[in-house]
Amino acid sequence: MNYTDYEVQDFLKDESFVAWVKRNDPDLNDFWEKWLANNPEKAAILEEAAQIIRSTHYDSVHQLTSQEYIMLYENVLRKSDLNYNKEERRKTVPIGLIAAASIILSVLVLVGIWRSPGLNERKSVVVYESVIKEKKTSNGQKLSFKLPDGTKVILNAASTISYSVPFMRENREVKLEGEAFFDVVEDRKKPFTVITSNFSATVLGTSFNVFAYQNETEHTLSLLTGKVKVESPYASNDGPQILEPGHQIKFDIESNNFSRQTFNPQLITGWKDGIITFKDADFAKVISTLERWYGVEIAIINENKMKERQFSGTFEKKSLEHVLQVLSFSGGFSFSIKDKAVIIEFSD
10 MNYTDYEVQD FLKDESFVAW VKRNDPDLND FWEKWLANNP EKAAILEEAA QIIRSTHYDS
70 VHQLTSQEYI MLYENVLRKS DLNYNKEERR KTVPIGLIAA ASIILSVLVL VGIWRSPGLN
130 ERKSVVVYES VIKEKKTSNG QKLSFKLPDG TKVILNAAST ISYSVPFMRE NREVKLEGEA
190 FFDVVEDRKK PFTVITSNFS ATVLGTSFNV FAYQNETEHT LSLLTGKVKV ESPYASNDGP
250 QILEPGHQIK FDIESNNFSR QTFNPQLITG WKDGIITFKD ADFAKVISTL ERWYGVEIAI
310 INENKMKERQ FSGTFEKKSL EHVLQVLSFS GGFSFSIKDK AVIIEFSD
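In this note's numbering, the protein residues as written are 10 to 357.
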């Protein structure tokens, strides 16, 4: 069967697809995984359809057939007074279904009692479940993946990204704590927004890096391609900030101010290729970076003897021991490493 022209409603009617979502069948798994690999542009549509099936529950043991799923879909649309015509519905990811069901970010929403003549007048409570997907890394870990719209994400160590499913609504939104690189698939009808604790950035299609760890005093966005709008409810600067390629915007958490400058791409995005770069970094910055990068805890002895120094250097896929050895020459410290614990001692 040719599924390339299928929309969400079509997949809901397909017995093979519904069976694949509802149960673990090796043959169906093999077929649909191969089909998706050959048709990655359909990932968002499959995600929408699968989520409708997974998040529809009954107060009895009755399992819906594919026809019942599509009847439910049409019924909710009709009751929501969303005046889509039939042709429009076939061309659109079912935003109407989501709006009609009032799916919110973190709770279950009870839609009501649904009665269908085709189901022997059986009463069932229909509940739509909002699913929050979360990707998380620990210290010493990195993660590469694609969002349902095809956007590529590389998540740095000690970072968390979350988004709601279904993902493709009027806007594409993700929440980030930590650092990530985004290569966003362009969709002029559905802007892509990254939300951090201090600012949000909205784009159509572009590549950029966001640095937003909670324990850092500055959060930054560095733009490689495209254009991005950055705004913050806390900023004392007037209005949204529009950024052009090759420029970086910083948000100072203490002063609540934006500032902008050009940047060195390797310094900012080298981490995704295994490169650590320090440029005039203070020791606190060096320590926090190494702890996240290598997944260690660093203790400092005789910190009062530490002189004000700035550190510069580039390390490509080097061991922690190598990095500390190089830094110790100019830093005036000795160190020891045992498992995940590092002790740095400053001398006179």
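Just so you know, even glycine gets a beta-carbon here, dropped at the ideal spot from N, CA and C.
- Under the three-pair Cβ rule at 8 Å, the segment 248-267 does not count as touching the segment 290-302.
- Boundaries for ALA166: no beta strand (DSSP E) harbours it, and the DSSP string shows neither H nor E there.
- Taking 8 Å as the cut-off, the beta carbon of TYR243 is found closer than this to the beta carbon of ASN265.
- Residue pairing from DSSP leaves ALA293 without any beta-bridge partner.
- Cα atoms of PHE176 and THR160: separation of roughly 12 Å, rounded to the nearest angstrom.
- The Cβ-Cβ distance between GLU253 and LYS236 falls below 8 Å.
- With distances taken between CA atoms, VAL212 lies nearest to PHE201 out of ARG301, PHE201, HIS331, PHE20.
- For ALA166, the closest alpha carbon among the candidates THR271, GLN150, HIS256 is that of GLN150.
- Cβ neighbours of TRP41 within its own chain (closer than 6 Å, five residues either side excluded): TRP29.
- For ASP261, DSSP records a beta bridge to GLU227, ASN266.
- A residue is called buried when at least 16 other Cβ atoms come within 10 angstroms of its Cβ; HIS331 does not meet this threshold and is exposed.
- Look at ASP192 here: in three-state DSSP terms it is strand.
- In this structure, DSSP gives GLU317 a state outside helix and strand, which the three-state scheme calls coil.
- Around the beta carbon of PHE154, a 10 Å sphere encloses fewer than 16 other beta carbons of the protein chains shown; the residue is thus reported as exposed.
- Annotation for ILE309: ILE353 place their beta carbon closer than 6 Å to its own, counting only its chain and skipping 5 residues before and after.
- By the Cβ-count criterion, GLN334 is exposed, with fewer than 16 other Cβ atoms from all chains shown falling within 10 Å of its own Cβ.
- DSSP, reduced to helix, strand and coil, places ALA308 within a strand of the structure shown.
- If you look at ALA210, you'll find it in the beta strand (DSSP E) that goes 209-212.
- The residues TYR12, THR13, TYR15, LEU45, in chain order, have a CB closer than 8 Å to that of LYS51 in the same chain once the five nearest residues on each side in sequence are set aside.
- Note: LEU252 is bridge-paired with VAL237 in the DSSP secondary-structure output.
- Counted as a single uninterrupted DSSP element, the alpha helix (DSSP H) harbouring LYS43 occupies residues 35-47.
- In the displayed model, LEU185 falls within a strand according to three-state DSSP.
- The continuous stretches of beta strand (DSSP E) do not include GLU330, which lies in the alpha helix (DSSP H) extending over residues 329-340.
- In the same chain as GLY279, and ignoring 5 residues on each side of it, the C-beta atoms closer than 6 Å to its own belong to THR286, in chain order.
- For the pair THR229 and PHE217, the CB atoms are not nearer than the 8 Å cut-off.
- SER216: member of the beta strand (DSSP E) spanning 216-221, first to last residue.
- In this structure, the straight-line span from the alpha carbon of PHE190 to that of ASP34 is close to 36 Å.
- Taken atom to atom, the span from the alpha-carbon of SER171 to that of ASP158 is near 14 Å.
- GLY304 and GLY255 have their C-alpha atoms spaced approximately 31 Å apart.
- Annotation for ARG269: GLN250, LEU252, HIS256, GLN257, ILE258, LYS259 place their beta carbon closer than 8 Å to its own, counting only its chain and skipping 5 residues before and after.
- By the neighbour-count criterion, in which a residue is buried when 16 or more other Cβ atoms sit within 10 angstroms of its Cβ, GLY187 is buried.
- When secondary structure is reduced to three states using DSSP, THR271 falls in the strand class.
- In this structure, the alpha-carbon of VAL194 lies about 10 Å from that of LEU156.
- Between the C-alpha atoms of LEU185 and ASN311 there is a straight-line separation of about 36 Å.
- Of the residues ALA59, ASN313, ILE307, the one whose Cα lies closest to the Cα of VAL140 is ALA59.
- Per DSSP, the continuous alpha helix (DSSP H) segment holding PHE20 begins and ends at 17-22.
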